[in-house]
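What follows is a short report on a single structure.
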Amino acid sequence: MKTALSIAGSDSSGGAGIQADLKTFQALGVFGMSAVTAVTVQNTRKVYDVQEMTPEIVRGQIRCLFDDIDIHAVKIGMVSSIPLIRAVAEALGTVSPPPVVLDPVMISKSGYRLLKADAQAALVTLLFPLAEVVTPNIYEAEALVGTSIRTVGEMETAAAGILDLGAKKVVVKGGHLGEAGATDVVYDGREFRRLESRWIETKNTHGTGCTFSSAVAAHLALGFGFFEAVTRAKTYVTGAIAHALAIGKGHGPTHHFH
Ligand code: PLP
Numbered sequence: 001m002k003t004a005l006s007i008a009g010s011d012s013s014g015g016a017g018i019q020a021d022l023k024t025f026q027a028l029g030v031f032g033m034s035a036v037t038a039v040t041v042q043n044t045r046k047v048y049d050v051q052e053m054t055p056e057i058v059r060g061q062i063r064c065l066f067d068d069i070d071i072h073a074v075k076i077g078m079v080s081s082i083p084l085i086r087a088v089a090e091a092l093g094t095v096s097p098p099p100v101v102l103d104p105v106m107i108s109k110s111g112y113r114l115l116k117a118d119a120q121a122a123l124v125t126l127l128f129p130l131a132e133v134v135t136p137n138i139y140e141a142e143a144l145v146g147t148s149i150r151t152v153g154e155m156e157t158a159a160a161g162i163l164d165l166g167a168k169k170v171v172v173k174g175g176h177l178g179e180a181g182a183t184d185v186v187y188d189g190r191e192f193r194r195l196e197s198r199w200i201e202t203k204n205t206h207g208t209g210c211t212f213s214s215a216v217a218a219h220l221a222l223g224f225g226f227f228e229a230v231t232r233a234k235t236y237v238t239g240a241i242a243h244a245l246a247i248g249k250g251h252g253p254t255h256h257f258h
């Protein structure tokens with residue numbers, strides 16, 4: 001059986017973070033493992049608090065797994081501070097890792113900062129070089145390239161800018177553009193592709209970014225090539241949105257950043 005490791009934060013409500021990743025791995029037939037970077041206190045309404053793990057504990061989880069188990073893909077999600085980013089880079093830097101999918105998690109849909117303001121540069125310089133693909137949403141892509149994005153054409157410009165920052169491949173996810181946002185832009189440095197799906201009107205989108213990136217990792221672990229892996233991940237996350245469980249009293253994304 002193929003295996004995948006999620007290096008990410010815990011979402012106590014079970015919809016995002018480590019919990020979403022492990023459910024995705026399981027659903028796609030990949031044995032899932034986790035290195036927890038932080039524990040969030042969170043329900044469907046919002047993130048109330050965060051406790052980061054120590055760098056030693058994060059490094060230790062990753063190293064002991066690589067010492068012992070064949071790992072076929074890695075997904076990196078929430079890594080909130082410079083010391084934790086360094087710990088992940090150090091741990092992966094010594095093991096020649098399998099394909100790494102980096103979801104540059106910055107802010108929750110409820111508006112909580114999951115990446116400290118001073119840590120974005122470290123994420124780029126230390127983790128981008130380790131990643132096979134980086135999967136920002138519109139907001140994260142805007143923060144990375146420093147321009148606003150309103151169209152699919154601007155998503156492509158941003159994708160090229162993200163490769164200039166050191167990423168090998170990128171998927172810019174369109175969801176935050178609203179109804180025009182069912183298109184994701186994929187760029188591998190040579191060719192742009194657009195992943196299209198129908199727009200699904202729903203408030204149940206919490207954790208979709210985590211689910212998409214872990215689905216890419218699962219498909220890479222299973223041996224699919226890059227474009228096939230992202231296409232299948234898009235299909236998987238679209239199905240997950242269409243069939244999402246409506247739990248809790250939260251009101252869904254607030255789009256606070258536009
Ligand atoms: N909590 C954790 C631990 C996460 O990793 C993420 C996103 O990546 C979130 C919460 C936020 O999820 P969303 O923006 O879908 O609400």
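Mapping of the sequence shown onto full-length UniProt numbering: residues 1 to 258, in sequence order. Just so it is clear, CB atoms sit at the ideal spot from N, CA and C, and this is done for glycine as well. Fair warning: this is a prediction, and the values are worked out from it, not measured in the lab.
- About 15 Å separates the Cβ atoms of residue 35 and residue 51, ruling out a contact at the 8 Å cut-off.
- Straight across, the Cα-Cα distance linking residue 191 with residue 100 is about 20 Å.
- The C-alpha of residue 141 lies about 10 Å from the C-alpha of residue 156.
- For residue 5, the pairing in a beta bridge is given by DSSP as 33 and 74.
- Inclusion of residue 215 and residue 37 in the CB contact set at 8 Å is not warranted, their separation being larger than that value.
- From the listed residues 240, 2, 147 and 40, the smallest Cα separation to residue 113 is found for 40.
- The residues 219, in chain order, have a CB closer than 8 Å to that of residue 228 in the same chain once the five nearest residues on each side in sequence are set aside.
- The shortest CA-to-CA distance from residue 46 to any of 206, 225, 210 and 221 is the one to 206.
- Contact check for residue 8 against residue 76 passes: the beta carbons are separated by less than 8 Å.
- Rounded to the nearest whole angstrom, the CA to CA distance from residue 189 to residue 160 is 7 Å.
- Classified as exposed, residue 69 has fewer than 16 neighbouring CB atoms from the shown chains inside 10 Å of its CB.
- Looking from the CA of residue 184, the closest CA among 217, 166, 134 and 203 belongs to 134.
- The alpha-carbon of residue 171 is positioned some 30 Å away from that of residue 57.
- Going by DSSP, residue 187 is part of the beta strand (DSSP E) stretching over 184-187.
- Its Cα nearest to that of residue 225, the residue 132 stands out among 164, 212, 104 and 132.
- DSSP places residue 48 within a strand segment (E or B) once states are collapsed to three.
- A distance criterion of 7 Å places the beta-carbon of residue 42 in contact range of the ligand PLP, judged by its closest non-hydrogen atom.
- Nearest neighbour of residue 248 by Cα position, chosen from 166, 179, 92 and 42, turns out to be 42.
- The Cβ atoms of residue 88 and residue 127 sit closer than 8 Å to each other.
- The region 78-117 is shown to contain whole alpha helix (DSSP H) runs of 4 or more residues at 82-93, in chain order.
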